[in-house]
Amino acid sequence: MSRTSRARPAPLFTFAIITDTHIRPPGGDESSPFPVNELANARARYAVQAIARHAPAFTIHLGDMVHPLPHLPSYDAAAREALEILSPLGDSLRFVPGNHDIGDKPMAGAPAGAADEESARIYMRHFGPPWYSFDHGGVHFVVMNASLVGSGSALEDEQRAWLEEELARNSGGRILLFSHYPPFIDTADEPTHYDNYEPAGRAWLLRCAEKSGVEAIFSGHVHQFFYNRHAGTALYCLPPTSFTRQDYSELYQIGPASEFGRNDLCKFSYALVDIYPEGHRLRVIPTRGRGLNPGEAITQDDPVAARPAPAPFTVHVRHAWARAFHMPYNGPMEEFGRKRARDDYLLLRLWQMGISRIRTPLADLLDPEYRRRIDDFHAAGIRFTFFCAGMPDAEAWRACREAREMIDAVECVTSTTDLSDLGDALS
397 MSRTSRARPA PLFTFAIITD THIRPPGGDE SSPFPVNELA NARARYAVQA IARHAPAFTI
457 HLGDMVHPLP HLPSYDAAAR EALEILSPLG DSLRFVPGNH DIGDKPMAGA PAGAADEESA
517 RIYMRHFGPP WYSFDHGGVH FVVMNASLVG SGSALEDEQR AWLEEELARN SGGRILLFSH
577 YPPFIDTADE PTHYDNYEPA GRAWLLRCAE KSGVEAIFSG HVHQFFYNRH AGTALYCLPP
637 TSFTRQDYSE LYQIGPASEF GRNDLCKFSY ALVDIYPEGH RLRVIPTRGR GLNPGEAITQ
697 DDPVAARPAP APFTVHVRHA WARAFHMPYN GPMEEFGRKR ARDDYLLLRL WQMGISRIRT
757 PLADLLDPEY RRRIDDFHAA GIRFTFFCAG MPDAEAWRAC REAREMIDAV ECVTSTTDLS
817 DLGDALS
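Take any residue in the sequence shown, note its place counting from 1, add 396, and you have its number in our numbering.
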């Protein structure tokens with residue numbers, strides 16, 4: 397994905413993404429004890445009307461259309477309510493099965509039952525096939541059922557054969573893939589947890605994506621923003637419209653938002669994806685938790701976000717911006733282990749403000765964990781100014797030369813008036 401400060405032509409087309417609406421039956425249900433979940437339907441109505449104002453070519457729902465799972469008696473009523481709330485998006489709305497829609501991935505200690513043939517039948521009754529593909533504007537779109545990966549079921553074998561053939565047949569063209577679960581959130585070799593694929597299934601999918609040249613994988617499920625790359629494929633994990641996950645509030649260096657971080661208003665959003673002749677651009681549009689009751693409409697005062705103009709600023713990044721943390725074990729999703737995750741909202745906020753330059757210590761370039769994220773940020777359109785005290789040593793200069801395509805400047809801060817060593821260092 398390219399995000400340079402140069403003016404770009406108009407996109408070939410734009411499509412929208414919405415995820416994790418967690419719609420409930422009209423009268424509510426007892427599938428969640430959290431007060432914020434009662435706002436999900438109203439928040440989904442607002443996001444749907446906001447998307448419709450952009451008139452995208454089509455919209456993809458990344459899953460968890462509903463909150464009750466297929467084995468609950470409230471599922472059918474929730475699914476009908478979801479289809480009603482989402483209906484302003486028209487016949488071009490496409491669905492990706494989420495774990496609340498079709499069942500969880502198989503995992504010991506998971507809070508709900510795993511996807512199976514019965515849950516798939518219930519899902520298809522309302523939302524259509526759990527895996528499929530379509531073409532638009534020279535791009536091949538592939539939707540898969542991530543809950544099956546690692547299940548060892550006949551359905552998994554069927555989807556695996558279909559996906560391998562689908563990607564191979566379209567190899568060499570532009571492919572975008574949509575999976576409710578992200579393959580990973582921190583590193584491609586991380587252990588399995590509630591918010592990723594199990595390792596064997598993850599390795600299989602990433603091999604398929606690399607072999608066929610998948611341009612990007614879009615996911616939801618985690619209710620947080622993450623950006624990763626693997627072998628040239630961009631991996632986006634997108635925020636929800638409904639509620640944020642309180643376990644991830646541990647990542648932030650401030651106290652949690654209301655309901656212990658489950659109602660973090662600044663993170664609710666939908667997304668637009670601009671498709672260009674080469675590459676794409678993701679725009680994440682905040683909804684700030686706004687909602688609409690049945691029959692209400694967005695007022696003309698509610699803004700429709702435009703593409704941000706390039707901002708001529710360089711942001712000083714003072715805090716640990718690329719470091720992953722071990723999160724506490726936390727129910728009901730992660731009762732038996734600790735997962736590693738990063739706060740990637742720095743990158744998202746830079747995009748939303750049109751800022752493409754940051755300033756950070758040269759020591760970051762020499763740290764392997766930071767260097768990986770420097771590469772990722774550069775692929776996402778960010779350039780760097782590095783600074784240090786005095787002249788860099790030979791190792792630091794080598795690192796600068798290797799990273800020269802992503803560096804705007806190297807600032808050597810000194811209090812001496814004798815700059816005689818400058819020439820030797822630069823040579």
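Glycine included, every Cβ here is placed at the ideal spot set by N, Cα and C. Predicted model only: the values in this text are computed from it and were never measured.
First and last residue of the uninterrupted beta strand (DSSP E) at GLU807: 803 to 809
- request: Flag this pair as touching only if the segment 402 to 422 and the segment 437 to 446 have three or more C-beta atom pairs under 8 Å; answer yes or no.
  value: yes
- request: Return the CA-CA distance between PHE621 and VAL610, expressed in angstroms with no decimal places.
  value: 20 Å
- prompt: Which residue from TYR644, GLU606, TYR666 puts its Cα closest to that of PRO452?
  reply: TYR666
- prompt: Would LEU544 be called buried (16 or more neighbouring beta carbons within 10 Å of its own) or exposed?
  reply: buried
- prompt: To which residues of the same chain is PHE530 closer than 6 Å at the C-beta, ignoring the five residues directly before and after it?
  reply: PHE537
task: Can you check the segment 478 to 526 for any alpha helix (DSSP H) of at least 4 residues that lies completely inside it and give the ranges in chain order?
output: 495 to 498, 513 to 523
message: At the level of alpha carbons, what is the spacing between GLY727 and VAL432?
response: 17 Å
- request: Note down, in chain order, each residue of its chain lying with its Cβ closer than 7 Å to the Cβ of HIS463, except the 5 sequence neighbours on either side.
  value: HIS418, ILE419, ARG420, SER427, SER428, ASN433, ALA436, ALA474, HIS496
field: Distance CB(ALA596)-CB(THR629) smaller than 8 Å
entry: no
- request: Write down the C-beta distance between PRO484 and ALA448 rounded to the nearest angstrom, noting that I regard them as a contact closer than 8 Å.
  value: 5 Å
- prompt: What is the rounded straight-line gap between the Cα of PHE656 and the Cα of HIS722?
  reply: 18 Å
- request: Starting from the Cα of HIS712, find the closest Cα among SER752, GLU674, ARG521, ARG768 and give me that residue.
  value: SER752
message: Rounded to whole angstroms, what is the Cα-Cα separation between PHE639 and ASP660?
response: 7 Å
field: Outcome for ALA785 when other beta-carbon atoms lying within 10 angstroms are tallied against a minimum of 16
entry: exposed
- prompt: Between GLU560 and the rest of its own chain, which residues show a CB-CB distance below 7 Å, the 5 nearest in sequence each way excluded?
  reply: CYS604
query: From VAL618, ALA506, HIS619, ALA599, pick the residue whose C-alpha is nearest to that of HIS825; which is it?
result: Since the first residue of the chain shown is 397 and the last is 823, residue 825 is not available in this structure.
field: Cβ pair ALA720, ARG738 closer than 8 Å
entry: yes
query: From GLU801 to ASP771, what does the alpha carbon distance come to, in whole angstroms?
result: 10 Å
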